[in-house]
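Just below is one structure, and these are the notes that go with it.
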Amino acid sequence: MRWLVIWVLSAVPLWAEELPEDQAAVVACIGALDQGAEWGQCMAALFEPCASHEIQSEDHLGCLMSERGDWLDTIEVQQTDLSGRLTDRGATELGDLMSQWRGYVANKCSSVGANFTGTGAEVAQAGCEITEMAALVGELISCREGRSIAPYCVLQE
């Protein structure tokens, strides 16, 4: 796993300095999926901070909830920064999309959690949410770098 983090961080652009090291490695890995990185490697990096805990234990859930909070904080910072770089229309569209995204993730991940019982349901839901959050951070950064083709992503001149 460490070689993956080193390989990914060696190709990380300057934006990665704004993210915690573990998040930067995950976002870079997801961004490199079309260049040979594999989804399983990215997910292993994403959940590395909680890997020492017994799966579906209270400690595991606590760790995931902490990670979830960290990703939510990162989304807020990235969204705020990006909104200031977008045209007024783009910023409005991004705000609307973020509201829809939150509902989508809540519904999707609630369904994932419903397949389990007890702590396992909460762990599954949190894991789903974290995965979606990491992908969103990648999209927000992609837009900021001018690589996104999403309609909202129109940067100011």
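Numbering (our numbering), first residue to last: -17 to 139.
Think of the CB as a built atom: it goes at the ideal place given N, C-alpha and C, for glycine as much as any other residue.
Only a predicted model underlies this, so the values are computations on that prediction, with no experimental measurement involved.
Asked, Found
"Given that a residue counts as buried once 16 or more other Cβ atoms are within 10 Å of its Cβ, and exposed if not, what is E139?", "exposed"
"Report the residue from R50, E36, W53 whose alpha carbon sits nearest the alpha carbon of G102.", "E36"
"Is Q17 buried or exposed, if buried means 16 or more other CB atoms sit within 10 Å of its CB?", "exposed"
"With DSSP collapsed to three states, give me the class of L137.", "strand"
"So for L1, helix, strand or coil by DSSP?", "coil"
"When you compare the CB positions of R50 and A108, do they come within less than 7 Å of one another, or not?", "yes"
"Considering Cα atoms alone, identify which of D63, S81, M115, Y134 is closest to C91.", "M115"
"Can you list, in chain order, the residues of its chain whose CB lies under 8 Å from that of L118, leaving out five sequence neighbours each side?", "I57, W83"
"To the nearest angstrom, how far is it from the Cα of L76 to the Cα of Q38?", "35 Å"
"Is it the case that the Cβ atoms of C45 and C24 are separated by a distance below 7 Å?", "no"
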